[in-house]
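Residue numbers (my numbering): 429 to 919. C-beta: ideal position from N, C-alpha, C; glycine also. The structure displayed is predicted, hence computed values, not measured ones.
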Amino acid sequence: MKVNEKLIRPVHEAKYLDVENSDRYRSIARLFYLNYEKLKYWMYQEEVYAELTEDPYFADYTMEQCQQDLETLSAWGNLATIQDTRRVASIEEFKNKKFRYQLTETTVEIERMVIRLENLLIEGASLEPTLLERLRMSLGKTGEIGEMDKEKIYGWWSDLNNDFIRLNQNYQDYMRELNSVKAEEMMKTKAFLVFKDRLTEYLRTFVKSLQVNVTAIEQIMKRIPEETVVRILEQVTAYEMSIPRIEVQVEEQQIYEKMKGRWENIQKWFAGTGGGESEAMKVFDTTNEVIRKITRYASRLSEQNNSAASRREEYRKLASMFAGCRDMGEAHKLSAVVFGVEKPLHLRGDFARSTESINSGVFEEPPHEILLQPRVRTYREKSKRCGIRDSTWEKEEVRQAMLARLEEERRLLESYIREGRLDFASLPEIEPQIRDVFLTWLSKGLENKAHRAKTEDGQAFSILLEDQEKTCILKCTDGTFRMPAYTIVFE
429 MKVNEKLIRP VHEAKYLDVE NSDRYRSIAR LFYLNYEKLK YWMYQEEVYA
479 ELTEDPYFAD YTMEQCQQDL ETLSAWGNLA TIQDTRRVAS IEEFKNKKFR
529 YQLTETTVEI ERMVIRLENL LIEGASLEPT LLERLRMSLG KTGEIGEMDK
579 EKIYGWWSDL NNDFIRLNQN YQDYMRELNS VKAEEMMKTK AFLVFKDRLT
629 EYLRTFVKSL QVNVTAIEQI MKRIPEETVV RILEQVTAYE MSIPRIEVQV
679 EEQQIYEKMK GRWENIQKWF AGTGGGESEA MKVFDTTNEV IRKITRYASR
729 LSEQNNSAAS RREEYRKLAS MFAGCRDMGE AHKLSAVVFG VEKPLHLRGD
779 FARSTESINS GVFEEPPHEI LLQPRVRTYR EKSKRCGIRD STWEKEEVRQ
829 AMLARLEEER RLLESYIREG RLDFASLPEI EPQIRDVFLT WLSKGLENKA
879 HRAKTEDGQA FSILLEDQEK TCILKCTDGT FRMPAYTIVF E
């Protein structure tokens, strides 16, 4: 998008729609618009006042208020004014400046838009297959139209663009209604089942027409010569330039680029460009997706209605059929028809069988269970619900076993301590778990700046290294290693 001066300019002409006294401003603008449609472009202040006061809503409306409203609308650019000098009979009347008022072009378009908004829910949107046929017929005449004069070419071009714009806008508006929140809620109600068939048939008719006409239009556009398109665009541009416009300056190149862009949009919509998918195919896919969604909702509603039906008679009929079977084999066959599937799934694998007999049937062998889990990252196995069980005795048993093990380890550790000292240089061969405990004490003491720490049972000790150069060999059942000759002194 390219930002220009027209885009960033504030639209003061639309201010009268949402300001204080907008009821008076909008009524005046609508009055001018209704007269504009009757080809009455100029109105006097007295005429405006007389028309407004005919409605009971403006019973207290004054001439001074009417003059102020007209001046305000003129200041905002909604009304164009011109002084009327034809009825002047004196200098005093000329000084009072009697004006005529006319609706500006911008306000005319704003009023048209407001009227469309007011009738939005009344008119609604629709899908018109006839527009596709008209577009196909119009594009089929491109060759002969290119040889005509510019007036006929311009008329053909206007009809083509109007049909294309109408087709595109109607489809977008209709699809927006079908994908709205209101439509989604309506599709979930039982009343939708009555409306479903008619809506589905309507959409399918449009899809068929779209499929046939788009294929034909695509072939037609491929056969149109490039020079024919260029001549048509040049003739349309020349006709646009020949239209006299007041206070409006247009450039020929700008109009030509605009017409060329419209033709490229039509070509892209039906045939696509650069090998890409055309917009018509996207419309085709979107409409089919809406049909599938409608079918899904209808199927879900039907299932909900049928789920409440009583199955008693069906179950009674099935029970009587099974009771009438002569043997188990016939019952198995009936079960396969009633509860089986048309195309059963066969699993192949290295399964362990209870017998190797080829005459053994599936009902004579035990079933083989296969646990299947979803292939999603968020899958978690459900925890089994169970009552709260009193495990006080088990906890106490575990606690006593742990205390006994800790007491045994404590006596074993104390057997290596002589006179409150643990000298690593004089230790005999020890077990790995004993070594780990001693080294844990040593690392705790060395991490402290004062080389002091406490054991797990709270006994304080300090680390002593009498000779920095002296080392010793600590022997363990899983190996030996050399270390400084530390001594742990217990308090």
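Residue i - partner residues in DSSP beta bridges
i	result
phenylalanine 909	Leu902
phenylalanine 846	For the sequence presented, residue 846 should be read as arginine rather than phenylalanine. Answer is Arg849.
valine 431	Answer is none; valine 431 lacks a bridge partner.
arginine 803	None, per the DSSP bridge assignment.
threonine 915	Asp851, Leu892
leucine 531	Leu507
arginine 880	Ser890
isoleucine 858	Cys904
Buried or exposed by the 16-neighbour rule on C-beta atoms within 10 Å, applied to residue i
i	result
alanine 888	exposed
methionine 687	buried
threonine 535	buried
cysteine 814	exposed
threonine 908	exposed
glutamate 692	exposed
phenylalanine 852	buried
asparagine 506	buried
leucine 588	buried
isoleucine 786	exposed
glutamate 533	exposed
isoleucine 722	buried
valine 439	exposed
valine 409	Residue 409 lies beyond the range of the chain shown here (429 to 919); nothing can be said about it.
arginine 394	No answer is possible for residue 394: the residues shown for the chain start at 429 and end at 919.
phenylalanine 592	buried
methionine 669	exposed
tryptophan 585	buried
valine 678	exposed
methionine 911	exposed
glycine 789	exposed
tyrosine 477	buried
Anticipated Cβ contact below 8 angstroms, residue i with residue j, distance rounded
i	j	result
leucine 631	valine 718	6 angstroms
phenylalanine 634	threonine 715	7 angstroms
isoleucine 683	glycine 574	With 8 angstroms as the limit, isoleucine 683 and glycine 574 do not qualify as a contact, their Cβ atoms being about 18 angstroms apart.
phenylalanine 698	glutamate 646	6 angstroms
serine 782	proline 794	6 angstroms
tyrosine 844	leucine 834	About 17 angstroms separates the two Cβ atoms, so there is no contact after all.
leucine 850	isoleucine 916	4 angstroms
glutamate 680	threonine 665	6 angstroms
glutamine 495	glutamine 511	Going by Cβ atoms, the distance from glutamine 495 to glutamine 511 rounds to 14 angstroms, so no, they are not a contact pair.
leucine 595	leucine 560	7 angstroms
leucine 729	leucine 606	Not really, about 17 angstroms apart at Cβ, beyond 8 angstroms.
lysine 430	tryptophan 504	Incorrect: roughly 28 angstroms between the Cβ atoms, too far for contact.
arginine 880	serine 890	5 angstroms
glutamine 663	isoleucine 581	5 angstroms
leucine 762	cysteine 753	6 angstroms
aspartate 906	arginine 838	The Cβ separation is near 23 angstroms, so there is no contact.
phenylalanine 767	alanine 759	That pair is no contact at about 11 angstroms.
glutamate 685	isoleucine 538	Not quite, the Cβ-Cβ distance comes to about 27 angstroms (not below 8 angstroms), so this is no contact.
leucine 416	tyrosine 489	Because residue 416 is not part of the residues shown, which for the chain are 429 to 919, the question remains open.
lysine 898	alanine 913	4 angstroms
Proximity test, Cβ basis, 7 angstroms: residue i and chain C
i	result
tyrosine 630	Among the chains of the structure shown, chain C does not appear; only one protein chain is present.
Completely contained beta strand (DSSP E) runs for the stretch 436-502, where each covers 3 or more residues: 470-472
Segment contact, 8 angstroms Cβ cut-off, at least three pairs: the stretch 431-445 with the stretch 475-492: no
Inter-stretch contact (C-beta, 8 angstroms, three-pair minimum) for the stretch 633-642 and the stretch 555-575: yes
Touch test, the stretch 526-546 against the stretch 458-466, Cβ-Cβ under 8 angstroms, three pairs minimum: yes
Start-end ranges of the alpha helix (DSSP H) lying completely within the stretch 636-713, minimum 4 residues: 654-670, 680-698
Validate contact between the stretch 853-868 and the stretch 902-909 using beta carbons, cut 8 angstroms, 3 pairs: yes
Those runs of the alpha helix (DSSP H) which lie wholly inside the stretch 735-777 and span at least 4 residues: 740-751, 756-767
Three or more C-beta pairs below 8 angstroms linking the stretch 599-613 and the stretch 570-589: no
Validate contact between the stretch 491-507 and the stretch 436-454 using beta carbons, cut 8 angstroms, 3 pairs: yes
Start-end ranges of the alpha helix (DSSP H) lying completely within the stretch 584-623, minimum 4 residues: 609-615
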